[in-house]
Amino acid sequence: MAQYAEITEIVAPSNASAGSSVSIQVKIKNKYSTTISIMVGGKLEYGVSPWPSISFPTYWANVAAGATYTFSGSFTMPDYPPGKEIIIHAYSCWYGTDAAWHLDDEKTKTVITVVPEPSEPSLSQFKIDDYLKV
Amino acid sequence: MTTKTVELSLGPVMAMAEPPKYQTGWYRDPVTGQQYYYDALKNQWYVYAAGYLYALGYMEPAPKKVTVAPGDKLQVILSFKYTGPAITGILTRYCVGVFGAFGFNERLSGTPTFNVPANLSATPVKVTNSYTFTIPTNVDTDWDDIYVKIWGGTPDIGGTEQSPARIFGYENALTVVGAVINITEFKIDDFKKV
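Residue numbers (our numbering), protein chains in the order written: chain B, 1 to 134; chain X, 1 to 194.
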């Protein structure tokens, strides 16, 4: 149960192909009575740790009382077998009067690895590469 | 079929600062009446004759000459860069023959099919295929041009045998030797009492 920085939602696709860039959003609500600084963090959980982090270009913000802030991030879908689950694990922190960040809430969302959709054939630079007596 | 008239006459040569950009479609030379088809996607012109389309400008000067004689084996290797799903059964036609004003006179040909593995990355990979000719005893010295074309497959790369998806050739690629009887310097070499 979150004290001040509640993760209300993780927005992410339900599946993605290996190597594709996946965009996510983590929505965090300020449950306190005044504006506080809130920070987001995240990791991908799959296979054996250590797990890679999720990139959030803007990873903290001053959030008004009762407001929800949406943090945008992304990661590259790992090269994992189709059908396997990748777990997005998001964390929230709030900044206290003790000048320290306090870990508060966490939430997970699953993304399943899928086989990428086949694209159209694309040919270029067609030529006779060589010709020789054999 | 919509026929359009080409603005530029293909008879007298005109100097242009920059060639015009044509859309895909049919064109007719106003001087000769010859019909042409242009594929803007492939940047390829075709001349229409007797129900067939023949690609123009697909032959290039050969980078080297390979000498062949009857009984020799000549391997021709095609290549292209590829991205996309796996393809099965691409049709090919490899030819040795004579290229002239009326197109390519095929004297030897081979028609293998081949498959291409999938490449779903953004970086094209090189794909190759080859065919080996056996030079016959009835080869003529002017069989010195080669070309290859591809079409079809599943999924389809497009084209037909007459209007292939890709075509490429080299002029004057071969030197044919040993094909005809060649006698020189015939003389009486010596005469003496024995």
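Backbone N, C-alpha and C fix where the C-beta goes; we use that ideal spot for every residue, glycine too.
- The three-state secondary structure of M39 (chain B), taken from DSSP, is strand.
- According to the DSSP assignment, I87 (chain X) belongs to the beta strand (DSSP E) that extends over 87-100.
- When the five nearest sequence neighbours on each side are left out, the beta carbons in the same chain lying within less than 6 Å of the beta carbon of I87 (chain B) are those of E45, T108, T110, in order along the chain.
- One thing to note: Y95 (chain B) has its Cβ no nearer than 7 Å to the Cβ of I28 (chain B).
- Listed along chain X, the residues sitting closer than 7 Å to E120 (chain B) by beta-carbon distance are G84.
- In this chain, M1 (chain B) is not harboured by any beta strand (DSSP E), its DSSP state being neither H nor E.
- Residues of the segment 67-81 of chain X with a C-beta less than 8 Å from any C-beta of chain B: T67, V68, D72, K73, L74, Q75, V76, I77, L78, S79, F80, K81, listed in chain order.
- The shortest CA-to-CA distance from D104 (chain B) to any of B:T113, B:I112, B:C93 is the one to B:C93.
- In the structure shown, V76 (chain X) adopts extended strand secondary structure according to DSSP, grouped into three states.
- Residue-level contact by beta carbon holds for Y170 (chain X) and chain B, with a gap shorter than 7 Å.
- If you look at M77 (chain B), you'll find it isn't in any beta strand (DSSP E); DSSP assigns it neither H nor E.
- For I135 (chain X), no Cβ of chain B is located within less than 7 Å of the residue's own Cβ.
- Bounds of any beta strand (DSSP E) do not take in Y58 (chain X), whose DSSP letter is neither H nor E.
- With fewer than 16 other Cβ atoms inside 10 Å of its own Cβ, F191 (chain X) counts as exposed.
- S23 (chain B) has its alpha-carbon roughly 14 Å from the corresponding atom of G41 (chain B).
- Against chain X, the beta carbon of Q25 (chain B) has no neighbour under 7 Å; the closest one sits roughly 26 Å away.
- By the rule that beta-carbons nearer than 7 Å mark a contact, I188 (chain X) does not touch chain B.
- With a cutoff of 7 Å on beta-carbon distance, P85 (chain X) and A118 (chain X) are scored as near each other.
- Within its own chain, the residues whose Cβ lies closer than 7 Å to the Cβ of V177 (chain X), once the five positions on either side in sequence are excluded, are T67, A69, listed in chain order.
- Contact between the segment 100-119 of chain X and the segment 128-145 of chain X is present, with at least three C-beta pairs closer than 8 Å.
- Among the residues of the segment 91-109 of chain X, none has a Cβ less than 8 Å away from any Cβ of chain B.
- Cβ-Cβ distances below 6 Å link F114 (chain X) to I90, N129 in the same chain, with the five nearest sequence neighbours on each side left out; the list follows chain order.
- Between Y82 (chain X) and L132 (chain B), the C-beta gap is not smaller than 7 Å, which leaves the two residues out of contact.
- The C-beta of I128 (chain B) comes closer than 7 Å to at least one C-beta of chain X.
- For the segment 122-156 of chain X, residues whose beta-carbon sits nearer than 7 Å to a beta-carbon of chain B comprise P124, T128, T132, I146, V148, P155.
- C-alpha of Y58 (chain X) to C-alpha of R28 (chain X): approximately 20 Å in a straight line.
- G100 (chain X) and A173 (chain X) have their C-alpha atoms some 14 Å from each other.
- The C-alpha of I54 (chain B) is placed about 52 Å away from the C-alpha of P63 (chain X).
- Rounded to whole angstroms, the separation of the alpha carbons of S21 (chain B) and M77 (chain B) is 6 Å.
- The beta carbons of F168 (chain X) and F126 (chain B) sit closer together than 7 Å.
- In this structure, T92 (chain X) places its C-beta atom within 7 Å of the C-beta atom of I150 (chain X).
- For K43 (chain B), the CB contacts under 6 Å within the same chain, skipping 5 residues up- and downstream, are W51, S53, H89 in chain order.
- Counting along the chain, no beta strand (DSSP E) covers N172 (chain X), and no H or E run does either.
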